[in-house]
Amino acid sequence: MAEVKMFGAWGSPFSKRVEMGLKLKGVEYEYIEEDLNNKSSLLLNYNPVHKKVPVLVHNGKPIAESLIILEYIDEAWEGPDILPKDPYERANARFWAKFIDEKCMPPMWKACWSIGEERAKAKEEASEALKFLENEINGQKFFGGDTIGLVDIAANFIGYWFRIAEEIVGLELMTQDKYPNLCKWAEEYCKCSFVKENLPPKDKLADIFKGIIQAQSAPK
Amino acid sequence: MADELVLLDVHVSMFGMRVRIALAEKGIEYEYREENLANKSTLLLETNPVHKKIPVLIHNGKPICESLIIVEYIDEVWKDKSPLLPSDPYQRAKARFWADFVDKKVLFFFCSCFCLSVFVKKKIWRTKGEELEAAKKELIDALELLEGELGDKPYFNGDNFGFPDLAIITFYSWFHTYETCANFSIEKHCPKLIKWAKRCMERESVSKSLADPVTVYEFVLMLKKKYGH
């Protein structure tokens with residue numbers, strides 16, 4: 001019998017991406033919550049290179065890096081497509097997923113937790129990056145078209161985590177007037193029952209974010 | 001209708017080389033266009049407005065960007081000739097993992113060591129002695145990890161040359177530059193990696209696609225001079 005295990009962290013968007021992928025395909029799996037401040041020896045054995053979550057273990061074989069895991073899930077199991085079938089559209093999906101990881105998430109996250117000039121710079125960078133996504137979604141329901149696909153799954157941070165953090169820190173980056181398409185996408189995305197099941201509770205996340213602010217402003 | 005393929009590239013780019021190897025492995029004809037990164041063509045800016053970088057493969061007018069994404073595209077479109085990725089999903093995931101590792105770890109250190117602001121956003125140009133040593137150590141650690149992963153296999157892909165080999169081998173053309181600039185020997189730390197590299201170089205697709213190491217070094221010297229080094 002196939003054995004599927006997943007090492008994750010409840011608050012991690014990367015971890016939730018993998019869970020979304022597994023649930024999309026209807027794969028049963030054992031979930032193992034990792035304490036990121038005290039990583040298990042199992043995790044470190046399965047991912048010695050990066051030592052991070054998420055890690056998917058299928059029949060004893062580990063796969064790491066969320067986007068790579070999602071492609072694996074798409075190939076290993078039948079069910080709704082995570083990536084499109086057409087090679088050009090697949091390349092496009094991969095491009096935007098990578099773009100989100102490399103060009104959107106880092107400055108967006110930095111903009112939340114930095115101050116002064118550093119925040120202004122990160123905000124500028126994030127704004128530019130989001131403009132491209134705004135054009136790409138272009139009135140479609142999802143990046144994947146009518147149904148959720150790789151890019152939508154990859155954009156979970158933008159659709160959910162970031163909106164919560166942004167509100168708490170008073171950032172005003174992904175605003176309705178500047179990014180109407182993206183905001184509409186985020187609304188649809190979070191309303192979608194399938195996505196809702198794979199998001200951490202808002203209040204728990206908010207507590208974490210408020211904790212970060214407190215730690216930052218604590219006397220050193 | 002014959003396929004129309006144009007590759008926007010720079011001869012010394014390890015990313016461009018990956019695409020060249022893939023096209024050569026599949027025996028695909030294409031038009032090569034050398035870009036001047038200090039004066040990018042309109043075509044490049046139009047086909048890659050997001051990153052404005054090479055390589056860009058334009059297939060019947062449709063652009064594909066990012067070297068590993070281009071290579072997978074080539075492998076999927078020309079799937080009946082010389083497959084680059086294995087067919088087993090787990091082996092494919094492993095192949096993608098190591099290609100991704102190289103991009104994440106090795107490139108950054110190469111660039112920060114040698115201040116290649118042409119390939120990376122214009123960050124610090126000069127690294128001080130200590131920073132260079134630290135970056136060198138990180139690079140060696142990463143290469144030793146690769147050496148460990150290779151083990152006694154003839155290729156990262158197993159018995160046959162494939163996607164992860166293609167992704168990693170192109171950095172080999174830059175080894176001479178790094179060794180010279182930072183005064184160390186990669187072979188001393190990673191003898192198996194060097195043996196593997198020479199094995200890959202026996203393939204015509206690789207030897208014809210990689211830039212000559214001396215050309216790469218001269219290119220870097222030219223950059224250093226140009227940017228007032």
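Chains as they are written, first to last, in full-length UniProt numbering: chain A, 1 to 220; chain B, 1 to 229. Glycine residues also receive a C-beta, built at the ideal position from the N, C-alpha and C atoms.
* From which residue to which residue does the beta strand (DSSP E) around R17/A run? -> Numbered from its first residue, the first sequence carries residue 17/A at position 17. It is not in any beta strand (DSSP E) - R17/A instead sits in the alpha helix (DSSP H) that spans 13-24.
* To do: Answer yes or no: do P55/B and S13/B have a C-beta to C-beta separation smaller than 8 Å?
  => The count along the second sequence starts at 1 and reaches residue 55/B at position 55. The count along the second sequence starts at 1 and reaches residue 13/B at position 13. Against a cut-off of 8 Å, the Cβ pair of S13/B and P55/B comes out as a contact.
* Asked: Can you check whether the CB of I168/A is closer than 8 Å to the CB of F209/A?
  -> For the purposes of this step, residue 209/A is identified with residue 209 of the first sequence, where counting begins at 1. For the purposes of this step, residue 168/A is identified with residue 168 of the first sequence, where counting begins at 1. Contact flag set, yes.
* **P49/B - DSSP class collapsed to helix/strand/coil** => In the second sequence, the residue the question calls residue 49/B occupies position 49. It is coil, neither helix nor strand.
* Interface flag, P80/A vs chain B, CB-CB below 8 Å -> Taking the first residue of the first sequence as position 1, residue 80/A is located at position 80. Output row for P80/A: interface = no.
* **Partner residues on chain B for I68/A, Cβ-Cβ distance less than 8 Å** => Within the first sequence, the letter at position 68 stands for residue 68/A. Residues of chain B passing the Cβ test: A93, R96, F97, D100.
* **Cβ-based neighbour list, Y155/B, same chain, cut-off 6 Å, excluding 5 preceding and 5 following** => The sequence position of residue 155/B within the second sequence is 155, counting from 1. Result list for Y155/B: F161, D165, in chain order.
* Helix, strand or coil for V53/A per DSSP? -> Here residue 53/A is taken as the residue at index 53 of the first sequence, counted from 1. Coil, per DSSP.
* **Proximity to R92/B [Cα-Cα], best of W96/A, N198/A, Y72/A** => Your numbering for residue 92/B matches position 92 in the second sequence. Closest option to R92/B, Cα to Cα, is Y72/A.
* To do: Compute the Euclidean distance between the alpha carbons of residue 233/A and D203/A, then round it to the nearest angstrom.
  => Because residue 233/A is not part of the residues shown, which for chain A are 1 to 220, the question remains open.
* To do: Tell me whether P107/A is buried or exposed, calling it buried when 16 or more other Cβ atoms sit within 10 Å of its Cβ.
  => One-based indexing of the first sequence puts residue 107/A at position 107. Answer is buried; the Cβ neighbour count reaches 16.
* To do: Would you verify that the beta carbon of A186/A is, or is not, closer than 8 Å to some beta carbon of chain B?
  => Translated into positions along the first sequence, residue 186/A becomes position 186. A186/A does not count as touching chain B.
* Who are the neighbours of K53/B on chain A, taking C-beta pairs under 8 Å? -> Residue mapping note: residue 53/B aligns to position 53 of the second sequence, counting from 1. Result: empty, since nearest Cβ-Cβ is about 12 Å, beyond 8 Å.
* **Chain-order list of residues whose beta-carbon lies under 7 Å from that of V118/B (same chain, five-residue window excluded)** => Along the second sequence, read from residue 1 onward, the residue named residue 118/B stands at position 118. With a pLDDT of 41 at V118/B, under the threshold of 50, the predicted position of this residue should be treated as unreliable, and no value is reported.
* Cβ-based burial, P54/A [other Cβ within 10 Å; buried from 16] -> Translated into the one-based positions of the first sequence, residue 54/A becomes position 54. By the 10 Å Cβ count, P54/A comes out buried.
* Asked: Between S207/B and the rest of its own chain, which residues show a CB-CB distance below 7 Å, the 5 nearest in sequence each way excluded?
  -> Residue numbering aside, residue 207/B sits at position 207 when the second sequence is read from its first letter. Taken in chain order, the residues that qualify are M201.
* If we cut at 8 Å on Cβ distances, does I194/B have a partner in chain A? -> Taking the second sequence and counting its residues from 1, the one referred to as residue 194/B is at position 194. Output row for I194/B: interface = no.
* Asked: For A95/B, does the count of other Cβ atoms within 10 angstroms reach 16, so buried, or fall short, so exposed?
  -> Translated into positions along the second sequence, residue 95/B becomes position 95. It counts as buried.
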